[in-house]
Amino acid sequence: MEHFHPIAEPIVLSTTFERAPDGSYPNEFEYSRDDNPNRRHFERSLALLEGGFQAAAFASGSAASMTLFQALSPGDRVIVSEDCYFGVRQMLDRIFSRWGLRVQYVDSTDPVALRRALVEPATLLFVETPGNPRIGITDIRLAAEYAKSAGAVVACDNTVATPSLQRPLDLGCDFVIHSTTKYLSGGDDAMGGAIVAAADSEMWRRIRFSQKQCGCIPSPFASWLTSRSLPTLDLRVTRQSETALALARMLQSHQAIETVLYPLLETYSGYEVASKQMRAGGALMSILIKGAAADAIAVSNKLKLFKCATSFGGPTSLVEHRKSVEGPASKTPETLLRVYVGLERFEDLASDFERALE
Ligand SMILES: *Cc1c(COP(=O)(O)O)cnc(C)c1O
8 MEHFHPIAEP
18 IVLSTTFERA
28 PDGSYPNEFE
38 YSRDDNPNRR
48 HFERSLALLE
58 GGFQAAAFAS
68 GSAASMTLFQ
78 ALSPGDRVIV
88 SEDCYFGVRQ
98 MLDRIFSRWG
108 LRVQYVDSTD
118 PVALRRALVE
128 PATLLFVETP
138 GNPRIGITDI
148 RLAAEYAKSA
158 GAVVACDNTV
168 ATPSLQRPLD
178 LGCDFVIHST
188 TKYLSGGDDA
198 MGGAIVAAAD
208 SEMWRRIRFS
218 QKQCGCIPSP
228 FASWLTSRSL
238 PTLDLRVTRQ
248 SETALALARM
258 LQSHQAIETV
268 LYPLLETYSG
278 YEVASKQMRA
288 GGALMSILIK
298 GAAADAIAVS
308 NKLKLFKCAT
318 SFGGPTSLVE
328 HRKSVEGPAS
338 KTPETLLRVY
348 VGLERFEDLA
358 SDFERALE
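If you count the sequence shown from 1, you need to add 7 to reach the numbering used here.
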């Protein structure tokens, strides 16, 4: 197809590629599980965005995290942000602890707790910042420094910030993890995940081997959909951050709201660290409604532009009562609503909230 010189990327659905008479593969590609043009294009784009050496794409963010943990060995010590994505916790507690990983959760937003956890040797520090849904802000540079002194590699889940706002590899991390289902695909229509490596390493080669051999890979179409959204990532996230900051300020001063957790809100405890390492605050915040769980749920149901649904990163604003999604074991406060600010105008979103909070 290249002889057409297309400007937009063509989709190559073929699962297999023709071999030359001498047995070689003249266009590098052999079989689509190993590698295919659309996946490679996406991986190269993401590696550039994160300033990494290479990237590996997966069928979901969870498949990316799973592959990272699979690259470890029984007995390895793993330190994980307490405020990490709920699914990662489930995976570690219910699968990888049976496989012999020794997992310890730590409040990574607290430098003292982090330092204490990393006095003993560890293999991996897994942080997520901003955290989800409590929007905990971890000092990435400090975390990487502490991890190195414990002999641990550092992986940072950069799903909530995106490389447009935060670049963990520049701050000393070894790996970045993404659920590309969120902002990178940007359309609420393609599942995917990725790991980006800062440099070549034994661990990176294990990850790449698992990707090809175990096959938790995105389809060419999902890879294409995600690549298609990358050119607008910066525009989207910049505009959404402006709207979200304005909304966070408005909600913080509303009498029906106890507090707003948003990285770049001046009154937020994570503000100082967030403003050091993030270019803008992003589009995800959590609000604590005054009253009980039922009051929070009632507000979420009264909103019209904010649809009641999980996930984030697409054009549509969403709201979610996290505690009822995460179940009784979750530490998420029961009056917490996670609010995702989409691409709608601030005025419309603000009046939606004004009405719902009456
Ligand atoms: C959604 C999400 C994941 C899981 O990704 P999936 O694509 O749903 O498997 C992991 N980490 C964070 C921060 C997420 O938001």
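Heads up, the beta-carbon is just placed ideally off N, CA and C, and yes, glycines get one too.
Alpha carbon of residue i to alpha carbon of residue j, nearest angstrom
i	j	result
R215	T136	25 Å
D105	L364	The displayed chain sequence assigns Arg, not Asp, to residue 105. Looking at the two C-alpha atoms, the distance is approximately 46 Å.
V1	K314	Nothing about residue 1 can be read from this structure; the chain reaches only from 8 to 365.
I296	D90	20 Å
I142	Y269	7 Å
P175	E57	8 Å
T188	S293	20 Å
Q61	E50	7 Å
D42	G289	32 Å
E333	V110	20 Å
S282	L272	10 Å
D177	A301	43 Å
A303	R84	38 Å
L53	V244	16 Å
S236	R345	24 Å
S67	E354	34 Å
E16	R47	12 Å
A124	S21	48 Å
K219	E361	50 Å
S39	M98	28 Å
G179	V280	16 Å
K338	S358	31 Å
R286	T250	15 Å
I264	R96	29 Å
Simplified DSSP assignment, three categories, for residue i
i	result
D164	strand
H48	helix
F93	helix
I144	coil
R84	strand
H10	helix
R109	strand
G199	coil
Y38	strand
V432	Residue coverage of the chain in this structure runs from 8 to 365, which leaves residue 432 outside it and unanswerable.
T23	strand
L176	helix
A303	helix
M285	coil
S358	helix
P118	helix
N43	coil
R212	helix
E273	coil
G68	helix
Y190	coil
N308	helix
V332	helix
C223	coil
E152	helix
P33	coil
Contact under 7 Å by Cβ, residue i with residue j
i	j	result
R197	T166	Looking at the sequence shown, residue 197 is not Arg but Ala. Not closer than 7 Å, so no.
A316	L325	yes
G194	G321	yes
V134	T145	yes
G158	S88	no
F182	A162	yes
F76	F103	yes
R213	A78	yes
S217	T74	yes
F4	F36	An answer regarding residue 4 cannot be provided, because it is not within the stretch 8 to 365 covered by the chain.
R352	L343	no
G107	P81	yes
L252	L356	no
I18	W231	yes
F319	L291	yes
L132	I86	yes
S184	A71	In the sequence under discussion, the amino acid at residue 184 is Ile, which differs from the Ser named in the question. Yes, the Cβ-Cβ distance between I184 and A71 is below 7 Å.
Bridge partner(s) assigned by DSSP for residue i
i	result
V267	I294
R345	S293, E327
Q61	A204
F313	Bridge partners of F313: none, in fact.
H185	A201
Subject >> At least 3 beta-carbon pairs within less than 8 Å: the segment 254–265 vs the segment 218–233 >> reply: Of all C-beta pairs linking the segment 254–265 to the segment 218–233, fewer than three are shorter than 8 Å, placing the two stretches out of contact.
Original post:
Are the segment 166–181 and the segment 233–253 in contact at 8 Å, needing three or more beta carbon pairs?
Top reply: Contact holds between the segment 166–181 and the segment 233–253, because three or more Cβ pairs, one in each stretch, are under 8 Å apart.
**OP:** State whether the segment 275–283 contacts the segment 205–212, with contact taken as three or more CB pairs (one from each stretch) at a distance under 8 Å.
**Re:** At 8 Å Cβ cutoff, the stretches do not touch.
Original post:
With a cut-off of 8 Å, do at least 3 Cβ pairs link the segment 149–158 to the segment 115–123?
Top reply: Yes, they touch.
Original post:
Would you say the segment 124–136 touches the segment 29–48, given that touching needs at least three Cβ pairs under 8 Å?
Top reply: The segment 124–136 is not in contact with the segment 29–48.
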